[in-house]
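Student:
Protein chains: 2
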Amino acid sequence: MNDEPQTPPSRSADRVYDQVKAMAVTYRLRPGERVNEVELARSLGVSRTPLREALNRLAAEGFLIATVNRGYSVRPLDPKRVLTLYEYRAMLEVGALRLACERASDEALDALAAFAARSRDEPDDDEHALELLTLDEQFHESLARLSDNEEMVRSLRSLNERVRFIRWIDMRKGRRSSTQDEHLMILRHLRARDADAAAALMQTHIARRLDQITDMIRAGFAEIYTGNALAAKAMGEVA
Amino acid sequence: MNDEPQTPPSRSADRVYDQVKAMAVTYRLRPGERVNEVELARSLGVSRTPLREALNRLAAEGFLIATVNRGYSVRPLDPKRVLTLYEYRAMLEVGALRLACERASDEALDALAAFAARSRDEPDDDEHALELLTLDEQFHESLARLSDNEEMVRSLRSLNERVRFIRWIDMRKGRRSSTQDEHLMILRHLRARDADAAAALMQTHIARRLDQITDMIRAGFAEIYTGNALAAKAMGEVA
DNA sequence: GGACGCAGATGTGAATACACTTCTAGCAAG
DNA sequence: CTTGCTAGAAGTGTATTCACATCTGCGTCC
Chain X
125 MNDEPQTPPS
135 RSADRVYDQV
145 KAMAVTYRLR
155 PGERVNEVEL
165 ARSLGVSRTP
175 LREALNRLAA
185 EGFLIATVNR
195 GYSVRPLDPK
205 RVLTLYEYRA
215 MLEVGALRLA
225 CERASDEALD
235 ALAAFAARSR
245 DEPDDDEHAL
255 ELLTLDEQFH
265 ESLARLSDNE
275 EMVRSLRSLN
285 ERVRFIRWID
295 MRKGRRSSTQ
305 DEHLMILRHL
315 RARDADAAAA
325 LMQTHIARRL
335 DQITDMIRAG
345 FAEIYTGNAL
355 AAKAMGEVA
Chain L
125 MNDEPQTPPS
135 RSADRVYDQV
145 KAMAVTYRLR
155 PGERVNEVEL
165 ARSLGVSRTP
175 LREALNRLAA
185 EGFLIATVNR
195 GYSVRPLDPK
205 RVLTLYEYRA
215 MLEVGALRLA
225 CERASDEALD
235 ALAAFAARSR
245 DEPDDDEHAL
255 ELLTLDEQFH
265 ESLARLSDNE
275 EMVRSLRSLN
285 ERVRFIRWID
295 MRKGRRSSTQ
305 DEHLMILRHL
315 RARDADAAAA
325 LMQTHIARRL
335 DQITDMIRAG
345 FAEIYTGNAL
355 AAKAMGEVA
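Line by line, the protein sequences give chains X and L.
Under our numbering, the first residue of the first sequence carries the number 125, and numbering increases by one thereafter.
Under our numbering, the first residue of the second sequence carries the number 125, and numbering increases by one thereafter.
1. To be precise: take each residue of the region 193-226 of chain L, compare its Cβ to all Cβ atoms of chain X, and keep it if any distance is under 7 Å. Which residues remain?
2. Taking buried to mean at least 16 other C-beta atoms within 10 Å of its own C-beta, is residue 176/X buried or exposed?
3. Roughly how many whole angstroms lie between the Cα atoms of residue 192/L and residue 137/X?
4. Compute the Euclidean distance between the alpha carbons of residue 356/L and residue 152/L, then round it to the nearest angstrom.
5. Taking CB distances under 7 Å as the criterion, tell me whether residue 276/X reaches chain L.
6. In this structure, does DSSP put residue 128/X in helix, strand or coil?
7. If contact means a Cβ-Cβ distance below 8 Å, which residues of the region 161-179 of chain L contact chain X?
8. Given that a residue counts as buried once 16 or more other Cβ atoms are within 10 Å of its Cβ, and exposed if not, what is residue 145/L?
9. Excluding five sequence neighbours on each side, which residues of the same chain lie with their C-beta closer than 8 Å to the C-beta of residue 158/X?
10. I'd like to confirm the pairing. Which residues does DSSP put opposite residue 189/L in its beta bridges?
11. Quick one: list the residues of chain X neighbouring residue 135/L, beta-carbon separation under 7 Å, in chain order.
12. Taking just the CA atoms, how far does residue 169/X sit from residue 139/X?
13. At a CB-CB cut-off below 8 Å, which residues of chain L make contact with residue 279/X?
14. Quick one: does residue 184/L have its CB under 7 Å from some CB of chain X?
15. Does the pairing of the region 337-345 of chain L with the region 203-210 of chain L give three or more beta-carbon distances under 8 Å?
16. Buried or exposed: residue 336/X, going by 16 or more other Cβ atoms within 10 Å of its Cβ?
17. In the structure shown, what three-state DSSP assignment does residue 139/X receive?
18. Give a yes or no on whether 7 Å exceeds the smallest Cβ distance from residue 181/X to chain L.
19. What number of angstroms, rounded off, separates the C-alpha of residue 95/X from the C-alpha of residue 271/X?
20. Below 8 Å between beta carbons is the criterion; list the residues of the region 259-276 of chain L that meet it against any residue of chain X, in chain order.
21. Using a Cβ-Cβ cutoff of less than 7 Å, which residues in the same chain neighbour residue 358/L once the five nearest sequence positions on both sides are dropped?
22. For residue 253/L and residue 353/X, I'd like the C-alpha separation in whole angstroms.
23. Got a sec? Which residues, its chain only, sit under 7 Å from residue 222/L by beta carbon, not counting five neighbours each side?
24. Can you name the start and end residues of the alpha helix (DSSP H) that residue 329/X belongs to?
25. I need the boundaries of the alpha helix (DSSP H) containing residue 212/X, first residue and last residue.
26. Residue range of the alpha helix (DSSP H) that residue 283/X falls in?
27. Once the 5 residues before and after residue 214/L are set aside, which same chain residues still bring their CB inside 8 Å of it?
28. Excluding the 5 residues preceding and the 5 following residue 292/X in the sequence, name in chain order all residues of the same chain whose CB lies nearer than 7 Å to its CB.
29. Could you check whether residue 280/X and residue 225/X sit closer than 7 Å to each other, using their CB atoms as the reference points?
30. Determine the contact status of residue 259/X and residue 243/X, defining contact as a CB-CB distance below 7 Å.
31. Identify the continuous alpha helix (DSSP H) that holds residue 119/L and give its terminal residues.
32. Does residue 158/X come out as helix, strand or coil in the three-state DSSP assignment?
33. One question on the structure: do residue 178/L and residue 141/L come within less than 7 Å of each other, judged by their Cβ atoms?
34. Counting only the same chain and skipping the five closest in sequence on each side, list residues whose C-beta sits under 7 Å from that of residue 154/L.
35. Is the shortest distance between the beta-carbon of residue 142/X and the beta-carbons of chain L less than 7 Å?
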């Protein structure tokens, strides 16, 4: 189970990258907060050099902001930006979907449908929001992979990570019931090679909660400054 | 004019980032070639530390590939990937365009049209391919900005940089005549708030040369290994 | 004669050391 | 009491040094 003995992953920078990303994504590092390099490095058990490499990559990917002579800070939780990311994600997924509709084999679509059907059996309570979110991301990412466009998949993965916290907040409100059914419906349209129908459904599937983003962010702030169960869980996984 | 005295841009890492990116984009560093850090650092007049930060960012953005214990190498010039990037770019621009159609003011569209009309006066010979390409990128980026979605603009910029070399090759074949007219036509559709027409035109505008990518890459290799005027020009700008 | 193996060289990954900028606290002048 | 100035502290940016992995070439063993 533990693969550490055979994989001493030569680069501590990569490990640190994952760890810090998890911290930023779950807002264990608080939005707007400035990162103290020596302190964080010490707490992660490495020197500043690999930490700075990780911070650099995270800044390049939009998780952090770099300011000259003032180091790095976590990107503030800004409604406008979250909206922007949601919008981008919707467009990207619809675009990938249209490509997938032309390119995906019937077998691949069936396999994904099987996965989606299996996901339906997961419990739907507040406790399992993270697992549900993970399943949802996996579904969407697998679907995007059927577009056979690696760069789109890459972008989608990055986008998903950046809005994960907000989506987790959203998931906990038990909105999921309809989600899984829509997944299956999208696949049915794809199977029928009806790109327009699939695209339209995907668009509403993603954009549905756009107008509630401000509320979700409000709830997000509450979570961040009063507990943050997501950060706790993520830490358990990574560290 | 020269702002160097008042702006000694505290971070040599940023300068190095721009320089190395220019090298990678123009394939002054050859595709597949492994980057020797000490050598490159010396030739840029800095130590390995800021250079490595630059390389990190470039790898995160997809310009370079990082391999464990073997450092960085320039991403090879792969037809499949270029096609992927073109495809992504087409989708992204069409998506941004649809948003712009809803959101852009008449004034903004007119201003952009004026810019496009002005660009028409540029000479069209082989020598000015780089300027033409720059103007084209500016047009498309300005258009994307009208979507009011910062993340899309960011992605588009990155995509443009990654395919710049190939597009430059393409530009030198004097394909431009129709380009400018199509730009104006797209704007006219937007002005009439006809998103579908604009989107369709944009799609063909970008995807037109997709089937010729293999040829362009062949020409690209020839350029890289026999002269590479683009690298020479870019060096003049940056260094 | 070929394959394996073993230094030495080369080059990357990480840690430490140093320089310089920004922030802070305290004092002095108005 | 407020404002401005000035060391000192704190923290980032860069250089240097050390550690370790990979590559190369030559010699030896089979």
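Yeah, the Cβ is synthetic: ideal placement off N, Cα and C, and Gly gets one too.
This structure is a prediction, so every number in the text was calculated from the model and none was measured.
Tutor: On the basis of the data shown:
1. 193, 208, 209, 211, 212, 215, 219
2. buried
3. 11 Å
4. 8 Å
5. yes
6. Bear in mind that a pLDDT of 36 at residue 128/X, under 50, signals an unreliable position, so the number given afterwards is only what the model happens to contain. Coil, per DSSP.
7. 173, 176, 177
8. buried
9. 194, 195, 196, 197
10. 197/L
11. 192
12. 11 Å
13. 212, 279
14. yes
15. yes
16. exposed
17. helix
18. yes
19. This structure does not reach residue 95/X, given that chain X is present from 125 up to 363, and the question cannot be answered.
20. 273, 274, 275, 276
21. 146, 150
22. 55 Å
23. 319, 323
24. 319-331
25. 203-227
26. 274-295
27. 326, 327, 330, 331
28. 253, 254, 257, 354
29. no
30. yes
31. No answer is possible for residue 119/L: the residues shown for chain L start at 125 and end at 363.
32. strand
33. yes
34. 198, 348
35. no
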